[in-house]
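First comes the structure, then the notes that go with it.
Residue numbers (the working numbering): 202 to 347.
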């Protein structure tokens, strides 16, 4: 199986900028959510198909360490991979780079699998877990085979 991370670029728009003329910290959380949804789509779990799957991932914790400011007209590169996989939850890891490919922020999100029927934690089966295995890189993207 080809192991890899999710990676893409987005522009910084004027509405991302706060009163300090930097990208507002909440924008990084929004970018993390975009990355998480892209990973789910690539794994065959697009939001519009979740009803048929019977479960969804609910973010229970977000932690971001900001290292450098970003400003208007920059471009962010977002990387996402799965650091830990468990039966009822995953730990996602993120990195954010500016246009010069300098690390500007990094973080993690804990997501719990929840049954759509009961609203309670849901244990995913090996079959349900399999599409996410390719994003499982406990040591980060650098550990993926080239």
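Every residue, glycine too, gets a C-beta built ideally from N, C-alpha and C.
As the structure is a prediction and not an experimental result, all values here were calculated from the model.
Proximity winner among the options, relative to residue i (alpha-carbon distances)
i, options, result
"residue 211", "286, 316, 271, 342", "271"
"residue 306", "285, 223, 252", "223"
"residue 262", "313, 324, 338", "313"
Opposing strand residues paired with residue i [DSSP bridges]
i, result
"residue 314", "258"
"residue 290", "313"
"residue 297", "279, 306"
Neighbourhood of residue i by C-beta, 6 Å cutoff - its chain only, sequence neighbours within 5 removed
i, result
"residue 294", "282, 284, 309"
"residue 278", "210, 298"
C-alpha gap between residue i and residue j, whole angstroms
i, j, result
"residue 241", "residue 220", "34 Å"
"residue 264", "residue 326", "28 Å"
"residue 324", "residue 339", "21 Å"
"residue 336", "residue 206", "5 Å"
"residue 239", "residue 225", "22 Å"
Nonlocal neighbours in the same chain, by C-beta distance under 8 Å from residue i, ignoring five residues either side
i, result
"residue 256", "314, 315, 316, 317, 323, 325, 329"
"residue 302", "278"
Next on the checklist: Which runs of the alpha helix (DSSP H) at least 4 residues long sit entirely within the stretch 224–279? Give them in chain order.
Outcome noted: Here the runs fully enclosed are 226–243, 251–254.
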